[in-house]
Amino acid sequence: GNQDKKEDSETVVEAESKFLSKPLISHIYTADPSAHVFNGKIYIYPSHDVESVVEEDDSGAHFNMRDYHVFSMESIDSEPKDHGVALDVDDVPWAKRQMWAPDAAEKDGKFYLYFPAKDHDDIFRLGVAVSDKPEGPFEAQPEPMKGSFSIDPAVFQDGNEYYIYWGGIWGGQLQKWRTGEYLSTGDSPYDDEPADDEPAISPMIAKLSNDMLEFGEAPKEIKILDKDGSPILAGDHERRFFEAAWVHKYNDKYYFSYSTGDTHNIAYAIGESPYGPFTYQGVILKPVQGWTNHHSIVEVDGKWYIFYHDTELSGETHLRNLKMTEMTHNADGTIEMIEPILK
Ligand code: FUB
Numbered sequence: 022g023n024q025d026k027k028e029d030s031e032t033v034v035e036a037e038s039k040f041l042s043k044p045l046i047s048h049i050y051t052a053d054p055s056a057h058v059f060n061g062k063i064y065i066y067p068s069h070d071v072e073s074v075v076e077e078d079d080s081g082a083h084f085n086m087r088d089y090h091v092f093s094m095e096s097i098d099s100e101p102k103d104h105g106v107a108l109d110v111d112d113v114p115w116a117k118r119q120m121w122a123p124d125a126a127e128k129d130g131k132f133y134l135y136f137p138a139k140d141h142d143d144i145f146r147l148g149v150a151v152s153d154k155p156e157g158p159f160e161a162q163p164e165p166m167k168g169s170f171s172i173d174p175a176v177f178q179d180g181n182e183y184y185i186y187w188g189g190i191w192g193g194q195l196q197k198w199r200t201g202e203y204l205s206t207g208d209s210p211y212d213d214e215p216a217d218d219e220p221a222i223s224p225m226i227a228k229l230s231n232d233m234l235e236f237g238e239a240p241k242e243i244k245i246l247d248k249d250g251s252p253i254l255a256g257d258h259e260r261r262f263f264e265a266a267w268v269h270k271y272n273d274k275y276y277f278s279y280s281t282g283d284t285h286n287i288a289y290a291i292g293e294s295p296y297g298p299f300t301y302q303g304v305i306l307k308p309v310q311g312w313t314n315h316h317s318i319v320e321v322d323g324k325w326y327i328f329y330h331d332t333e334l335s336g337e338t339h340l341r342n343l344k345m346t347e348m349t350h351n352a353d354g355t356i357e358m359i360e361p362i363l364k
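Quick note, UniProt numbering runs 21 ahead of the 1-based positions in the sequence shown.
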């Protein structure tokens with residue numbers, strides 16, 4: 022009777038106060054948000070999570086997304102507006118499945134959507150799609166970017182130059198490209214990793230071509246170093262790169278941030294050039310609810326924000342919802358650590 026009701030409402034209040042911020046979007050599941058200011062508005066380019074009949078496995082097959090929606094916000098505290106389907110896997114000739122974390126860039130009034138998907142051989146590639154509007158719809162190039170592989174593209178504009186960062190290990194297949202070719206010695210996503218005492222797999226960078234559609238140079242590896250200058254090792258799961266690269270610039274320094282995957286942090290490292298090397302600093306965002314942690318960092322009206330996701334609405338690791346909170350650079354250039362689950 023009444024006793025039960027009281028307990029129910031207490032549980033609800035407790036659940037609501039456990040998280041630092043509230044879901045931004047609740048009518049569809051969204052994840053991996055890449056936020057930008059274009060034409061004076063905030064645009065968000067997330068993954069669109071869907072219920073899937075594919076069983077959960079370590080390669081992330083249950084993240085079986087098939088399209089993208091773009092969202093806009095008039096200001097940082099306004100409701101995101103859903104602009105509908107911006108790109109569907111059926112309209113990407115080379116892509117078969119798993120439309121994972123995207124990003125977008127603007128150049129000369131055109132908008133470019135960068136996205137990973139598995140091709141018809143089940144190898145992850147990076148694609149580009151083009152629109153005259155930030156919200157799309159986007160028209161995909163018929164082929165993936167030449168020489169592209171793995172997942173999680175992030176494009177960073179530095180003056181007139183645009184750089185694409187990417188890569189993700191395990192299900193993201195980056196460890197299978199260590200020879201420069203796709204080489205899979207087994208079916209497990211853990212195969213082909215370096216030994217624990219070898220340097221960790223590096224995320225990748227390339228300058229984009231002038232037309233924004235291809236790599237403009239041979240891809241290079243990015244070094245993430247310890248404070249003593251030695252590379253972070255593959256066995257150092259608390260600090261090594263896993264996926265979800267993002268770059269922002271603050272006080273003329275380049276901040277490379279990323280997910281540590283199976284230890285679930287968003288970590289960051291600072292460098293003097295877009296190419297790095299980057300020196301490991303610490304954690305920006307502690308683990309969220311759900312396995313994956315994936316963010317973006319954007320400046321809006323002189324303040325910095327981190328967009329991220331958790332699974333507050335569904336409780337399911339592959340059905341995520343976007344969130345956002347303010348982020349602070351300390352006077353010494355470090356970033357104040359955020360605890361997304363309140364104690
Ligand atoms: O959303 C699918 C994948 O999960 C992303 O590409 C990764 O970064 C992880 O969030």
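All C-beta atoms in this analysis are idealised placements derived from N, C-alpha and C, irrespective of residue type, glycine included.
Contact annotation: the segment 76-86 does not touch the segment 147-157, with fewer than three C-beta pairs closer than 8 Å. The C-beta of R341 has 16 or more other C-beta atoms within 10 Å across all chains shown, which makes the residue buried. The three-state reading of DSSP puts K248 in coil, since its state is none of H, G, I, E or B. Short note on I327: C-beta not closer than 6 Å to any heavy atom of the ligand FUB.
Closest in alpha carbon position to P215, among T313, F170, I253 and H141, is I253. Cβ-Cβ distances below 6 Å link E242 to S223 in the same chain, with the five nearest sequence neighbours on each side left out; the list follows chain order. With respect to V110, Y133 sits apart: the two C-beta atoms are not nearer than 7 Å. Contact between the segment 267-283 and the segment 179-197 is established, with three or more Cβ pairs separated by less than 8 Å. Here H339 is buried: its Cβ has 16 or more other Cβ atoms, across all protein chains shown, within 10 Å. The three-state reading of DSSP puts G81 in coil, since its state is none of H, G, I, E or B. In the three-state reduction of the DSSP assignment, K344 falls in the strand class, which pools E and B.
In this structure, T346 lies near S42, with their beta-carbon atoms less than 7 Å apart. For K197, the secondary structure class from DSSP, reduced to helix, strand or coil, is helix.
Shown here, V110 sits in a helix according to DSSP, grouped into three states. Judged by DSSP in its simplified three-state form, T284 adopts helix.
For the 7 Å CB-CB criterion, F159 and L108 form a contact. A contact between stretches requires three or more CB pairs, one per stretch, nearer than 8 Å, and the segment 93-100 fails this requirement with the segment 354-363. The beta carbon of T300 sits no closer than 6 Å to any heavy atom of the ligand FUB. Setting aside the 5 residues that flank it on each side, Q196 is surrounded in the same chain by I190, D213, E214 and I222, each with a C-beta closer than 6 Å to its C-beta; the list follows chain order. For W191, the three-state secondary structure derived from DSSP is helix. Taking a cut-off of 8 Å for Cβ pairs, the segment 285-296 and the segment 258-272 touch, as three or more such pairs fall below it. Here the distance from the Cβ of A266 to the nearest heavy atom of the ligand FUB is not below 6 Å.
Excluding five sequence positions before and after E182, the CB atoms of its chain that fall closer than 7 Å to its own CB belong to K228, given in chain order. Distance from the Cα of K344 is smallest, within the candidate group P165, D173 and E100, for E100. Membership of A150 in the beta strand (DSSP E) is indicated by the continuous run F145 to S152. Annotated three-state conformation of K324 is strand, per DSSP. Counting along the chain, M94 sits inside the beta strand (DSSP E) bounded by residues D88 to M94.
In this structure, the CA atom of N60 is about 21 Å from the CA atom of W267.
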